[in-house]
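Everything below concerns the one structure shown next.
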Amino acid sequence: MLASTSAIQTEQPSKKNFTPARPRTGVLLVNLGTPDSPSVPDVRKYLREFLMDGRVIDIPFISRFFLVNFIIAPFRAPKSAEVYRKLWTDKGSPLKIYGYEVASLLQQALGEEYLVSLGMRYQSPSIESALQELKDKGLDNIIVVPLFPQYASATTGSVHDKVMEIVRTWQIIPQINFINSFLQHPKFIETFALLGKKYIAEHPFDHYIFTYHGLPERQIRKGDATNTCLQGNCCGSLHALNQHCYRAQCFETSRLLAAALGITPDKYTVSFQSRLGKDPWIKPYTDDMISELAAKGVKRVLAFSPSFVSDCLETTIEVGEEYKELFEKKGGKHWQLVESLNNHPLWIETLTDIVHRNNVKA
């Protein structure tokens with residue numbers, strides 16, 4: 001017995017040489033955010049944080065402060081709270097629910113060498129808390145994945161800005177890799193196309209709309225170092241001069257999706273929604289296009305929202321309900337929204353591949 005015990009003991013690693021397994025790479029997933037509840041105070045708090053971001057409303061601070069805190073938030077919060085109540089589920093906001101599910105599923109797919117953390121650009125869980133979780137593990141590098149397929153300063157740029165603001169205070173700054181966009185990733189396109197094909201198999205459609213979140217034209221011009229955007233057929237293709245233009249990226253997303261679905265150019269429209277204020281936003285506007293399509297006798301429309309990877313206010317309510325009501329009011333017969341990627345298995349595969357391709361330590 002003594003010999004047997006001794007043999008077992010000699011096979012154990014010494015404490016001196018033993019290094020416990022730990023994740024080497026952190027993955028920070030970031031979405032826009034959502035109020036903590038559909039109550040007016042929580043919605044007002046969310047709107048103030050969101051709209052006070054200088055990359056969202058890009059006007060001087062004093063003007064932005066008075067506009068947001070004395071005009072927009074006080075008067076818009078009660079109306080927005082009503083809409084959020086329509087969206088809310090027993091478990092809370094769909095955007096946050098799917099955010100946690102995707103983070104969990106991605107963690108399972110990536111394995112123990114990675115640590116996946118979820119943050120929201122506005123409200124909770126905050127980017128600060130998500131980064132702290134990664135910092136506490138002493139990771140070799142962090143991959144920041146804003147969950148916005150197309151780059152825009154007000155979305156992806158704002159996430160990058162916030163991450164750098166936080167990380168610059170750390171004593172030890174790990175290798176950080178920022179993902180700018182993933183609109184051309186084959187699996188991203190395949191997932192949206194697969195969701196759309198389900199409805200196409202059920203009903204014939206006269207036309208297809210790819211509607212994206214809008215931006216003020218001035219933000220496009222600010223980022224246009226080549227003086228290419230918003231002129232002629234500037235978005236007819238995605239190339240070196242316009243590759244960072246949000247509008248051009250949206251048109252490219254639509255071309256890729258249409259090709260995957262077998263839709264000819266005359267059968268689909270690209271448009272932009274969610275305007276705020278009186279300044280011109282990128283065109284064409286979705287509500288205008290709906291009126292034009294109905295006037296042309298289009299009766300059945302399948303609508304995609306490919307700038308959103310999770311169901312939220314702008315998809316479920318704005319596109320799924322408000323635009324449906326407008327279309328039917330104008331004479332349309334059938335309006336169908338294609339749901340977002342949410343927790344689809346192929347979407348998890350997309351994120352897994354994005355992480356693997358961008359892991360400098362792999």
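Numbering follows UniProt numbering, in which position 122 of the sequence shown is assigned residue number 122; successive positions increment by one, without gaps. Glycine residues also receive a C-beta, built at the ideal position from the N, C-alpha and C atoms. This structure is a prediction, so every number in the text was calculated from the model and none was measured.
- Task: Go ahead and pull the three-state DSSP assignment for F61.
- Result: As a first step, residue 61 must be located in the sequence shown, where it is residue number 61. Residue state, collapsed to three classes: helix.
- Message: Please give me, in chain order, every unbroken run of the alpha helix (DSSP H) with length at least 4 that falls completely inside the stretch 79-145.
- Response: 94-110, 127-135
- Message: Are the CB atoms of V338 and H207 within a distance shorter than 8 Å?
- Response: Residue numbering aside, residue 207 sits at position 207 when the sequence shown is read from its first letter. Residue numbering aside, residue 338 sits at position 338 when the sequence shown is read from its first letter. Inclusion of H207 and V338 in the CB contact set at 8 Å is not warranted, their separation being larger than that value.
- If Q249 sits next to S340, beta carbons under 8 Å apart, how far is it from one beta carbon to the other, in whole angstroms? Position 249 of the sequence shown, counted from the start, is the residue given in the question as residue 249. Position 340 of the sequence shown, counted from the start, is the residue given in the question as residue 340. Not a contact, Cβ separation roughly 17 Å.
- Query: If you draw a straight line from the C-alpha of I348 to the C-alpha of V102, how long is it?
  - Reply: The count along the sequence shown starts at 1 and reaches residue 348 at position 348. The count along the sequence shown starts at 1 and reaches residue 102 at position 102. Approximately 7 Å, taken between the alpha carbons.
- Limits of the unbroken beta strand (DSSP E) element including W335: Your numbering for residue 335 matches position 335 in the sequence shown. Looking at the DSSP string, the run of the beta strand (DSSP E) that includes W335 is 334-337.
- Apart from the five residues just before and just after V43, which ones in its own chain have a Cβ nearer than 7 Å to its Cβ? The count along the sequence shown starts at 1 and reaches residue 43 at position 43. Within the same chain, V43 has close Cβ partners P35, A77, S80, A81, Y84.
- Task: Would you mind listing the beta strand (DSSP E) stretches within the stretch 208-278 that are 3+ residues and don't spill past its ends, in chain order?
- Result: 268-273
- Whole-angstrom C-beta distance between S271 and T211, which should lie under 8 Å: Walking along the sequence shown from the start, residue 211 turns up at place 211. Walking along the sequence shown from the start, residue 271 turns up at place 271. About 5 Å; that satisfies the 8 Å criterion.
- Is F65 buried or exposed, if buried means 16 or more other CB atoms sit within 10 Å of its CB? By one-based count along the sequence shown, residue 65 stands at place 65. By the neighbour-count rule (16 or more Cβ atoms within 10 Å), F65 is not buried but exposed.
- Query: Of all the options K299, V298, G297, E314, which has the alpha carbon lying nearest to the alpha carbon of S305?
  - Reply: Mapped onto the sequence shown, residue 305 falls at position 305. Comparing Cα positions, the closest option is E314.
- DSSP state of L51, grouped into three classes? For this step, residue 51 is matched to residue 51 along the sequence shown. Correct three-state label for L51: helix.
- Does DSSP classify V27 as helix, strand or coil? Residue numbering aside, residue 27 sits at position 27 when the sequence shown is read from its first letter. Here V27 carries a strand assignment [DSSP, helix/strand/coil].
- Message: Taking the beta carbon of R218 as the centre, do at least 16 other beta carbons fall within 10 Å, making it buried, or is it exposed?
- Response: Position 218 of the sequence shown, counted from the start, is the residue given in the question as residue 218. So R218 ends up on the exposed side.
- By how many angstroms is the C-alpha of A295 removed from the C-alpha of I354? In the sequence shown, residue 354 corresponds to position 354, counting from 1. In the sequence shown, residue 295 corresponds to position 295, counting from 1. Their backbone Cα atoms lie some 42 Å apart in a straight line.
- Mind checking E328: buried by the 16 CB within 10 Å criterion, or exposed? Mapped onto the sequence shown, residue 328 falls at position 328. Exposed, because fewer than 16 other Cβ atoms sit within 10 Å of the Cβ of E328.
- Flag this pair as yes or no: are the beta carbons of L150 and Y246 separated by less than 8 Å? On the sequence shown, residue 150 is found 150 positions in, with the first residue counted as 1. On the sequence shown, residue 246 is found 246 positions in, with the first residue counted as 1. Here residue 150 is Gln; the residue named in the question, Leu, does not match the sequence. Their beta carbons are under 8 Å apart, which means Q150 touches Y246 by this criterion.
- Query: So, do the stretch 44-57 and the stretch 127-147 have three or more beta carbon pairs nearer to each other than 8 Å?
  - Reply: no
- F192 - containing alpha helix (DSSP H), residue span: By 1-based counting over the sequence shown, the position of residue 192 is 192. Taken as a continuous stretch (DSSP letters only), the alpha helix (DSSP H) holding F192 covers 186-202.
- Message: By the three-class DSSP mapping on this structure, what secondary structure does I348 have?
- Response: By one-based count along the sequence shown, residue 348 stands at place 348. Helix.
- What number of angstroms, rounded off, separates the C-alpha of N69 from the C-alpha of Y46? Translated into positions along the sequence shown, residue 69 becomes position 69. Translated into positions along the sequence shown, residue 46 becomes position 46. Distance between the alpha carbons of N69 and Y46: 12 Å.
- Message: Using CA atoms only, rank isn't needed, just tell me which of P284, K267, L261 is closest to R275.
- Response: Locating residue 275 in the sequence shown gives position 275, counting from the first residue. Comparing Cα-Cα distances from R275 to each of P284, K267, L261, the minimum goes to P284.
- Just the Cα atoms here: how many angstroms apart are L105 and R168? The residue given as residue 105 occupies position 105 in the sequence shown. The residue given as residue 168 occupies position 168 in the sequence shown. L105 and R168: Cα-Cα distance of roughly 30 Å.
- From I166 to A130, what does the alpha carbon distance come to, in whole angstroms? Here the question's residue 166 lines up with position 166 in the sequence shown. Here the question's residue 130 lines up with position 130 in the sequence shown. Whole-angstrom Cα-Cα distance: 11 Å.
- Give the single residue among K91, I57, P60 whose Cα lies nearest to the Cα of P38. The count along the sequence shown starts at 1 and reaches residue 38 at position 38. Nearest option by C-alpha distance: K91.
- Message: Let me confirm a value: Q132 is counted as buried when at least 16 other C-beta atoms fall within 10 Å, else exposed. Which label applies?
- Response: Counted from its first residue, the sequence shown places residue 132 at position 132. Exposed: under 16 other Cβ atoms inside 10 Å.
- Message: Just to confirm the assignment, what range does the beta strand (DSSP E) spanning I176 have?
- Response: In the sequence shown, residue 176 corresponds to position 176, counting from 1. Note, I176: beta strand (DSSP E), 175-178.
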